[in-house]
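In our numbering, the protein residues as written are 16 to 611.
Virtual Cβ for every residue (Gly too), placed ideally from N, Cα, C.
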Ligand code: ASP
């Protein structure tokens with residue numbers, strides 16, 4: 016690249032972005048700056064598609080009109096950074112690319128400035144191919160040049176802005192909480208930061224701003240939100256990031272429904288500002304118990320019906336060993352209807368059975384209504400009449416398929432819940448453009464941690480139990496329901512929150528419940544309980560995953576597509592190389608020694 020010297024801007028000002036010029040701009044003198052997306056040579060003409068984050072414009076270099084600019088254009092390669100001065104003109108040859116917003120115009124270039132050359136690229140930017148993931152992450156700055164990524168990043172900005180506008184309008188203050196904190200438990204491991212000035216002591220990075228937002232309520236700040244970074248040292252699955260962003264919210268003098276109403280308003284506002292989908296005024300609500308019973312999941316995807324029904328009493332004893340034994344052992348027989356699959360082939364049914372195997376179901380049976388008859392491997396035990404009765408009772412109509420399994424009540428629902436989703440996916444029933452919101456409420460207060468042989472908080476230990484269940488906190492803790500709620504969208508948990516404890520004695524009871532001694536409780540959360548003694552208002556809150564919300568709005572299945580600089584599944588930033596080895600000197604400063 017010795018043929019030319021890159022030029023300085025030298026006072027040259029851009030007049031327009033590359034994606035904004037239209038037919039009515041014809042005749043204007045413009046200055047555009049951007050990247051060479053593509054160059055085509057046609058004898059005495061060179062066409063350059065010039066791109067910036069807003070889009071693309073065709074620039075024409077005509078040897079007959081401007082030989083100097085034409086000669087220089089011959090040097091251009093993909094991703095050179097250039098500025099052009101020229102005149103907007105209607106396109107000589109209309110573009111066939113209907114999606115190109117500048118398709119009706121082109122720029123007749125009078126002057127070309129090469130601002131910076133570009134080496135041959137490690138990955139292609141000008142097509143929509145998705146190259147190797149490692150390459151995308153290593154050269155993320157190139158990946159982010161792709162129109163799809165620019166769209167996603169712009170959408171994320173819009174979402175964040177609409178969140179801020181909404182909460183501002185509702186009287187919330189956006190308040191930053193610290194990143195270097197004492198541990199805030201949300202059920203994951205903490206990332207630790209050694210303190211140089213306090214030898215042997217560590218900060219944790221916040222798993223969420225939970226305790227701080229509660230303290231802000233005690234402060235009387237009344238309504239808080241924050242677009243907050245959270246850090247959780249968990250084993251990373253494909254779609255998890257060690258750091259992620261929450262829309263964190265807390266409200267004083269609020270009960271559950273105040274939070275739910277506020278968040279429904281937020282979702283409407285964000286959708287109206289972005290994708291403009293039709294959403295119901297109020298979102299459906301379902302108890303946790305119902306969600307598990309009917310959909311086998313605490314985050315049901317309601318884009319498909321396929322409700323799981325208990326048909327134990329309808330089936331009764333049939334002489335079929337497997338089902339009879341299940342009934343004798345107090346297990347349940349459950350089923351769901353797949354519309355229009357009564358005629359499913361043997362091969363298709365085998366595929367469904369494999370979904371059952373993957374969900375660890377010992378047996379999956381079918382009752383099909385097809386060609387005016389009932390067909391099933393169970394027919395010889397059930398008899399045609401009973402089989403038909405079961406179909407009628409479950410809403411299995413002509414042309415439908417009933418999927419049946421037996422087992423312990425909750426596990427069989429959970430397994431059927433997985434099969435339900437696998438079948439829905441297989442049949443392409445889950446429309447990504449449909450948005451089905453659902454509030455799941457009344458979560459259990461505790462769950463049992465098998466490994467540690469103790470109760471743990473199902474949400475977090477600052478969640479209030481339902482007043483009606485408080486009596487059972489010690490006698491039957493696993494039956495206690497919490498004033499906790501999740502917002503579910505298309506089978507994804509989009510938000511989680513709860514009414515909080517705001518009194519010391521209740522907080523002590525719950526911390527004791529999860530196995531903390533009073534000394535441990537005091538050491539870890541004494542400041543919170545002390546604060547509760549100084550006039551803490553009733554309060555409640557929630558946090559929504561901003562990454563997930565944006566990914567769904569963008570139609571992306573991975574949150575990595577809406578995070579500018581994500582980490583890979585090993586928690587590595589392939590672009591910067593983080594995490595990195597540090598020098599012995601740095602280790603010494605923070606009083607640490609390796610023990611690898
Ligand atoms: N801090 C909780 C979480 O991060 C959300 C909440 O209860 O507001 O899941």
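Counting only the same chain and skipping the five closest in sequence on each side, list residues whose C-beta sits under 6 angstroms from that of residue 101. Scanning its chain for C-beta atoms nearer than 6 angstroms, with the 5 sequence neighbours on each side dropped, one finds around residue 101 the residues 122, 123, 124 and 125, in chain order.
Considering Cα atoms alone, identify which of 240, 583, 67 and 293 is closest to residue 160. Of the candidates 240, 583, 67 and 293, the residue whose Cα lies closest to the Cα of residue 160 is 67.
Cut-off 6 angstroms between Cβ atoms - residues of its own chain near residue 16, not counting five sequence neighbours on either side: In this predicted model, residue 16 has a pLDDT of only 46, less than 50, meaning its place in the structure is not dependable enough to derive any value.
Pick helix, strand or coil for residue 601, following the three-state DSSP scheme. Residue 601: helix per DSSP, three-state reduction.
Helix, strand or coil for residue 517 per DSSP? DSSP places residue 517 in coil when its eight states are reduced to three.
Can you tell me whether residue 227 is buried or exposed, with buried defined as 16 or more other CB within 10 angstroms of its CB? Buried.
Buried or exposed (CB count within 10 angstroms, at least 16 for buried), residue 134: Exposed is the call here.
If you run the structure through DSSP and keep just helix, strand and coil, what is residue 248? In the structure shown, residue 248 sits in a strand (DSSP, three-state: E or B).
Selection from 411, 246 and 407 that minimises the alpha carbon distance to residue 355: Answer by Cα proximity: 411.
Nearest by alpha-carbon distance to residue 162: which of 155, 180 and 140 is it? Closest by alpha carbon: 140.
Along the beta strand (DSSP E) that carries residue 416, what are the first and last residues, could you check? That run of the beta strand (DSSP E) goes 416-422.
Residue 392 versus 290, 436 and 338, residue with shortest Cα-Cα distance: Cα-wise, what sits closest to residue 392 is 338.
Secondary structure of residue 17, DSSP reduced to three states: With a pLDDT of 48 at residue 17, under the threshold of 50, the modelled position of that residue is not reliable, and no figure is offered here.
Sub-9 angstroms separation of residue 38 and residue 120 beta-carbons: Judged by their CB atoms, residue 38 and residue 120 are nearer to each other than the 9 angstroms cut-off.
Using a Cβ-Cβ cut-off of 7 angstroms (strictly less than) and excluding sequence neighbours within five positions of residue 283, which residues of its own chain qualify? So the list reads 294, once near-sequence residues are dropped.
On the three-pair Cβ rule with 8 angstroms, is the stretch 237-246 touching the stretch 179-194? Touching, yes, given that three or more Cβ pairs across the two stretches are closer than 8 angstroms.
I need the DSSP call for residue 299, collapsed to helix, strand or coil. The answer is strand: DSSP assigns residue 299 an E or B state.
Does the beta-carbon distance from residue 558 to residue 512 come in below 9 angstroms? Cβ atoms of residue 558 and residue 512: closer than 9 angstroms.
Leaving out five residues on either side along the sequence, give the residues of the same chain with a beta carbon under 7 angstroms from the beta carbon of residue 415. Listed in chain order, the non-local C-beta contacts of residue 415 below 7 angstroms within the same chain comprise 352, 353, 354, 355, 356, 357 and 384, local neighbours out to five positions each way being set aside.
Considering only the beta carbon of each residue, do residue 491 and residue 480 sit closer than 9 angstroms? With contacts defined as CB atoms closer than 9 angstroms, residue 491 and residue 480 fail to qualify as a contacting pair.
Cα-Cα, which of 473, 323 and 274 is closest to residue 428? Cα-wise, what sits closest to residue 428 is 323.
Report yes or no: do the stretch 560-579 and the stretch 163-174 share at least 3 C-beta pairs separated by less than 8 angstroms? Counting Cβ pairs under 8 angstroms, three or more are found: they touch.
Do you know how far the Cα of residue 194 is from the Cα of residue 95? Put simply, the backbone Cα of residue 95 is about 40 angstroms away from that of residue 194.
Start and end residues, beta strand (DSSP E) containing residue 48: Residues 44-57.
Around the Cβ of residue 112, are there at least 16 other Cβ atoms within 10 angstroms (buried) or fewer (exposed)? Result: exposed.
Please determine whether the Cβ atom of residue 554 lies at a distance below 8 angstroms from any heavy atom of the ligand ASP. Every heavy atom of the ligand ASP is 8 angstroms or more from the Cβ of residue 554, so no.
How would you call residue 229, buried or exposed, if buried means at least 16 neighbouring beta carbons within 10 angstroms? Buried, because 16 or more other Cβ atoms sit within 10 Å of the Cβ of residue 229.
Is the beta carbon of residue 165 less than 9 angstroms from the beta carbon of residue 242? It is not a contact, given that the beta carbons lie outside the stated cut-off.
Would you kindly work out how many angstroms separate the C-alpha atoms of residue 257 and residue 544, rounded to a whole number? The alpha-carbon atoms of residue 257 and residue 544 are separated by roughly 30 angstroms.
Comparing the CB of residue 235 with every heavy atom of the ligand ASP, is any distance shorter than 8 angstroms? For residue 235, the Cβ stays outside the 8 angstroms cut-off from all heavy atoms of the ligand ASP.
Check the DSSP bridge columns for residue 131 and list the partner residues they point to. Its beta-bridge partners are 96.
Just mark residue 20 as buried or exposed, buried being the case when its beta carbon has 16 or more other beta carbons within 10 Å. By the Cβ neighbour-count rule, residue 20 is exposed, with fewer than 16 other Cβ atoms within 10 Å of its own.
Cβ pair residue 447, residue 493 closer than 9 angstroms: Contact flag unset, no.
Round the Cβ separation of residue 220 and residue 259 to the nearest angstrom and send it over; I've been treating them as touching at under 8 angstroms. About 12 angstroms separates the two Cβ atoms, so there is no contact after all.
Quick one: does the C-beta of residue 517 sit closer than 8 angstroms to a heavy atom of the ligand ASP? Of the heavy atoms belonging to the ligand ASP, none sits nearer than 8 angstroms to the Cβ of residue 517.
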